[in-house]
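Below: the structure, in structure tokens.
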Amino acid sequence: MLAAAQRLRRSTDFAAVIRSGRRASRGVLVVHLRVADDHAPDAHGGTTTAREPVSGTGAEQKPAPVRAGFVVSKAVGGAVVRNRVRRRLRHLARERLDRLPPGAMIVIRALPGAAEASYARLGADLDAAIAAALAPRKSGRRSR
RNA sequence: CGAGCCGACCGGGCGGUCGCGUCGACGGGACACGUGCCCGUCGCCGAGGAACGUCCGGACUCCACAGGGCAGGGUGGUUGCUAACGGCAACCCGGGGUGACCCGCGGGACAGUGCCACAGAAAACAGACCGCCGGAGCGGGUGAUUCGGCCCUUCGGGGUGCGAAUCGGCCGGAUCCGGUAAGGGUGAAACGGUGGGGUAAGAGCCCACCAGCAUCCCGGGUGACCGGGAUGGCUUGGCAAACCCCACCCGGAGCAAGGCCAAGAAGGGCCUGUCGCCGUACCGGUGACGGGCCCGCGCAGGCGUUCGAGGGUUGCCCGCCCGAUGCCUGCGGGUAGGCCGCUGGAGCCUGUCGGCAACGGCAGGCCGAGAUGGAUGACCGCCGCCGGCGCCACCGGCAUCGGUGCGCGCCGGGCACAGAAUCCGGCGUACAGGUCGACUCGUCCG
RNA sequence: CGGGACGUGGCGCAGCUUGGUAGCGCACUUGACUGGGGGUCAAGGGGUCGUCGGUUCAAAUCCGGCCGUCCCGA
3 MLAAAQRLRR STDFAAVIRS GRRASRGVLV VHLRVADDHA PDAHGGTTTA REPVSGTGAE
63 QKPAPVRAGF VVSKAVGGAV VRNRVRRRLR HLARERLDRL PPGAMIVIRA LPGAAEASYA
123 RLGADLDAAI AAALAPRKSG RRSR
């Protein structure tokens, strides 16, 4: 399970990751990943420090935490099913945050098939999706 | 023992390893030092009977409010309970069931308006299509009487499927007038029902019994209503979940209510078109130039300040009130953060008293979630329940096979419906399985 | 979380107010015109009116309960 500091808490963060992040889809999951030094870090980080000066100064000394967010739409199922899927994904994401570079933000989105997927299946899909989101970083994205 | 009916309750249990959130304690850290923030450790607590649907009623918050009228909405047996209710309890009435019991939006159709398709004679002050009965004249058939013709004759007469006349004889037919409503393919529904008398034919026309209506009286009940009696005319459908009438109730919006703070003084947000670049088409990202929408702000114009612009009365009118760095119009142009509200309440449990009950009074005890991209979880072990397969045992059967089991083993992401979001009281809906209690009916035994 | 609309042939909609016959356009099938396609003309098929109850003689319509879809509110 993830602590509150390791989760995305703001709709602006979600919008930034989904719009400008890299997307990879594997199985019943879709992963949007945005690495901190990808592009334009000061545009978002500047507003963060202006908004919350205390945590901004703390972030300068410590390494920036990797943060994750989850999107489980109503198409997945009812409230009980959606809660179970999100809790499983949070637990799985906690074990995989160290694979990401510091300061990265990730949004994990569940497709309707995630309601019937087992815990091991969700873990395998998440591993594959994170690997796919990290892989083309050096080749494709740097050329811009 | 079997079947049923009603009510209350539970809604997997124990343990382990990692985690999450609020609160509290302790320790540490940073600083623009404010007992606020961050990190760590420990401890307590951490979804439901429906948290659901959002169908009602309140609390709470904001806006509005002298008052009256019209309009609008809701409820609908009675008496109680309650903060309130469209809820609940008891009773009444009607219907269903052998019964325990269940179901009912259950006021008014002699205040008015309207509707009742098709079929049917007729669908609502009644009327009269067929039929039945009486009468009138017309034509026909038939019968009787008289006369004539014809035939037979024992000349006394007799017969006749012939002709004419008469008939207030009979039969059926069409027309007209009158009586009647017993009967009439229909229809959801047909103007009380059965029997007798009566009549030209009939009819509550009269009588007996029954059903129902109205008025009055007596008795019981707080009341809805119930029981009994008398009189009356002899009976005059249904639909108000059609308009409507009557009685009672209702200001509007909703915690995304509302309040405070930070940032912000002119730019910002969203949608979209063209072009360039990136990218594997689609989708998309990014930059430039345009277009459109959205303000607590700015600009311009107009109106007005004891002769009042305009606004409020959240549907309208009368009336009333407010009203001056104010109001209206046009153009340029908006809200993404944090805190409070935020959880101790018409609260829960136990006992006792009042009440048939719903419920209420008193005494003692208890604290049982407060998230905000949204905590209450993930993975295991054992037990319980369920399903499937195999083995074993027993029963039925010639056999294939079928049934039973507090029996054994294996398999199973099996174990319901479903997750707080301001909080309560209800209702409605979904739900595997289980526990307890009251009662009814049937069979057997005593 | 809180408000508010709507479910009718394959699709988009009328009909509901004032209850008795479900209709229109596109689409579909068949035939004719054409050498064929397209197009035009003619004929035809196809609807549990979202679902379950209730009122009524009778419900797409009136009244409730569910189910589903969509919209709005910082």
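Under the numbering used here, think of the first position of the first sequence as 3, with each following residue one higher.
Every residue gets a Cβ at the ideal spot worked out from N, C-alpha and C, and that includes glycine.
What you are looking at is a predicted structure, and each value in this text was computed from that prediction instead of being measured.
Check: In or out: residue 157 buried (at least 16 other Cβ within 10 Å) or exposed?
Finding: Any answer about residue 157 is impossible in this case: the structure gives the chain only from 3 up to 146.
Margin query: Could you pull the DSSP bridge partners for residue 132 from this structure?
Written below: Answer is none; residue 132 lacks a bridge partner.
Note to self: If I measure Cβ to Cβ from residue 145 and keep anything under 6 Å in the same chain, skipping five residues before and after, which residues do I get?
What the structure shows: Note that residue 145 has pLDDT 32, beneath the 50 cutoff, so the model's placement of it is unreliable and the number below is only indicative. Cβ neighbours of residue 145 beyond the five flanking positions: none.
Next item on the list: Output the distance between the C-alpha atoms of residue 132 and residue 76, rounded to the nearest integer angstrom.
Entry: 24 Å
Next item on the list: Can you have a look at residue 48 and say buried or exposed, based on whether 16 or more other CB atoms are within 10 angstroms of its CB?
Entry: Low per-residue confidence applies at residue 48: pLDDT is 29, beneath 50, and the placement is therefore not dependable, though the value from the model is reported in the following sentence. Under this definition residue 48 is an exposed residue.
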